[in-house]
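Protein chains in written order, with our numbering: chain F, 7 to 222; chain P, 7 to 222. Ideal Cβ positions, reconstructed from N, Cα and C, are used throughout, including at glycine. Owing to the predicted nature of the structure, the values given are computational and were not obtained by experimental measurement. Here the structure is laid out as structure tokens; the discussion comes afterwards.
Number of protein chains: 2
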Amino acid sequence: MPIERSTYKDHVIKYIYDGMRENRYRAGEKILESHLARELGISRAPIREALADMVSSGLLVYRPQVGNFVAALTAKEIIDSYVARGVLEGFSVAQGIENFTAEDLTRLEEMAHKMETFARKEKRKDLIDIGQRFHEELFCHCTNTQVVLFTRQLSLKLHLLFYKHWSRVYSPEEIRDRHLDIISTLREKDAVKIELKIRDHYIATGKKIVAQETGL
Amino acid sequence: MPIERSTYKDHVIKYIYDGMRENRYRAGEKILESHLARELGISRAPIREALADMVSSGLLVYRPQVGNFVAALTAKEIIDSYVARGVLEGFSVAQGIENFTAEDLTRLEEMAHKMETFARKEKRKDLIDIGQRFHEELFCHCTNTQVVLFTRQLSLKLHLLFYKHWSRVYSPEEIRDRHLDIISTLREKDAVKIELKIRDHYIATGKKIVAQETGL
DNA sequence: ATGACGCATAATGTCGACATTCGACAGTCG
DNA sequence: CGACTGTCGAATGTCGACATTATGCGTCAT
């Protein structure tokens with residue numbers, strides 16, 4: 007296995023990312039380099055590299071000569087991101103549909119049931135994690151590295167949104183059924199059908215999330 | 007209009023990008039920060055920012071503690087990139103298909119004929135430019151900012167590949183007909199059909215480019 | 001001759017400081 | 001009273017230098 011060759015940059019990224027997840031950084035808020043530097047006890051150079059990286063991920067917005075801000079997504083941008091994710095993952099799954107074995111499908115079903123359990127017990131972190139793994143299993147059968155790359159990038163962004171609103175979006179039964187529905191479509195080995203199914207899956211969630219955001 | 011607020015980083019990016027297009031930087035070659043710094047008469051800081059930016063675009067590959075290298079795309083990666091572009095642009099066009107006016111279509115047709123002319127006269131730069139504008143016209147009707155963003159990002163990458171091999175890939179007539187074909191499908195206002203048409207358009211080109219690369 | 005080891009060189013990672021630019025506040029004028 | 005302008009503080013953009021690490025070469029032992 008490759009040795010964990012980490013530079014400060016990665017730590018900084020994780021630090022900010024976690025901060026956003028825990029709502030210590032709010033949408034639209036400015037991020038001060040020198041502040042972070044003092045906080046973490048390092049110089050501004052690695053901080054700047056981390057910020058630039060997160061800008062390219064779309065998690066931050068950069069204004070030249072002004073600074074970096076936590077991305078404040080409009081309702082439209084949220085929907086767009088979910089739709090894009092649906093398009094990409096839909097293609098991924100369709101493209102790799104022949105590579106799913108019976109064991110894969112069984113494992114996915116188990117995951118869907120676990121989701122329901124975690125949702126009932128209000129174990130937010132476990133639920134999110136297994137949700138992520140479920141979809142990772144789905145699109146990792148795709149051999150198109152470029153598509154997979156974009157999908158992962160979007161995953162980061164949506165993760166944060168979903169993390170905030172998970173509890174109000176779907177009931178435990180809905181979560182389970184929505185994913186079981188995907189699996190049964192998967193069994194049909196119909197590339198076109200599964201592609202549209204995945205798209206709808208994300209579009210529906212995007213709309214729900216936006217409804218929560220605007221309804222606050 | 008917004009004032010051109012440029013920092014060194016943007017200049018450096020353009021410098022390297024042009025260098026790659028003019029084949030002064032070859033695939034796999036290492037890029038030395040200090041070398042660039044002396045060459046451009048600036049310090050390494052903005053150089054590093056530019057390099058990081060190009061890494062996130064996929065134009066460079068970064069190895070920690072080692073350096074940045076010009077991306078050496080394998081045949082598979084080239085195909086993947088074209089397929090991904092086809093998926094994204096296909097969705098873009100399908101999603102915005104109702105927004106194309108009769109004037110838009112006429113303008114696109116004119117562009118297709120200009121392509122043929124430029125191709126005949128071996129005006130490479132003009133051909134590439136108008137090709138870029140053609141596809142930009144196609145997907146800019148899409149209101150999904152996220153999809154458009156990814157599409158533009160990929161455009162950068164593919165631009166370089168196409169720039170090298172343009173002359174051997176399609177005949178002037180083929181270029182014209184391939185694009186006229188898209189336009190006539192566009193007139194049918196069939197979202198599903200146009201999506202697949204665009205995908206095929208890119209997949210075909212990807213395969214041709216790879217054939218050139220490997221056949222050298 | 002070949003392989004491992006260690007050293008020298010040079011590149012990257014990080015640092016602290018300076019220059020430049022932005023944003024806010026106060027003061028002035030209409 | 002409101003709007004414009006000049007000034008000031010603070011944050012970003014850039015710099016040069018140092019610390020750390022990878023790579024290539026030479027040496028030595030097998």
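If you draw a 10 Å sphere on the C-beta of P:PRO70, you find fewer than 16 other C-beta atoms in it, and that means exposed.
Rounded to whole angstroms, F:LYS199 and F:ILE103 show a C-alpha spacing of 11 Å. Two segments are said to touch when three or more pairs of C-beta atoms, one from each, lie closer than 8 Å; by this definition the stretch 94 to 103 of chain P touches the stretch 136 to 152 of chain P. Cβ contact annotation for P:ASN74 (same chain, cutoff 6 Å, sequence separation greater than five): ILE37, LEU57, LEU66 and TYR68, in chain order.
Contacts between F:THR151 and chain P, judged by CB atoms closer than 7 Å, involve GLU83 and ASP86 in chain order. Annotation: P:ASP110 to P:ILE189 spans about 10 Å, alpha carbon to alpha carbon. With a beta-carbon spacing of about 6 Å, P:HIS185 and P:PHE140 fall inside the 8 Å limit used to define contacts. Nearest in C-alpha terms to P:LEU79, of all of P:THR191, P:GLN138, P:LEU166 and P:PRO178, is P:LEU166.
Where F:GLY25 is concerned, the enclosing alpha helix (DSSP H) starts and stops at 14 to 27. Here P:THR211 is actually not in contact with P:VAL154; their C-beta atoms are around 20 Å apart, not less than 8 Å. In terms of Cβ geometry, F:GLU39 and F:ILE19 do not form a close pair [threshold 9 Å]. If you keep only unbroken alpha helix (DSSP H) runs of at least 4 residues inside the stretch 155 to 203 of chain P, you get 178 to 193. Note on F:VAL93: 16 or more other CB atoms within 10 angstroms of its CB, so buried under the neighbour-count rule. For P:VAL76, the enclosing beta strand (DSSP E) begins and ends at 73 to 76. Setting aside the 5 residues that flank it on each side, F:HIS41 has no residue in the same chain whose C-beta is closer than 8 Å to its C-beta.
The C-alpha of F:ASP59 lies about 17 Å from the C-alpha of F:ARG27.
Interface annotation, P:PHE97: in contact with chain F, CB-CB separation under 9 Å. P:THR149 sits close to F:ASP86, with the two beta carbons spaced by under 9 Å. Within the same chain, PHE75, VAL76 and ALA78 come within 7 Å of F:GLY34 by CB-CB distance, once the 5 residues on both sides are set aside. Apart from the 5 residues on each side of it in sequence, P:ASN105 sits with its Cβ closer than 6 Å to the Cβ of HIS147 in its chain, given in chain order. Under a 10 Å Cβ-count criterion, F:GLU55 is classified as buried, with 16 or more other Cβ atoms of the shown protein chains found around its own Cβ. Neighbours of F:VAL76 across chain P, judged by C-beta separation under 7 Å, do not exist; the nearest C-beta is about 17 Å away.
Per DSSP, reduced to three states, the secondary structure at P:ILE37 is strand.
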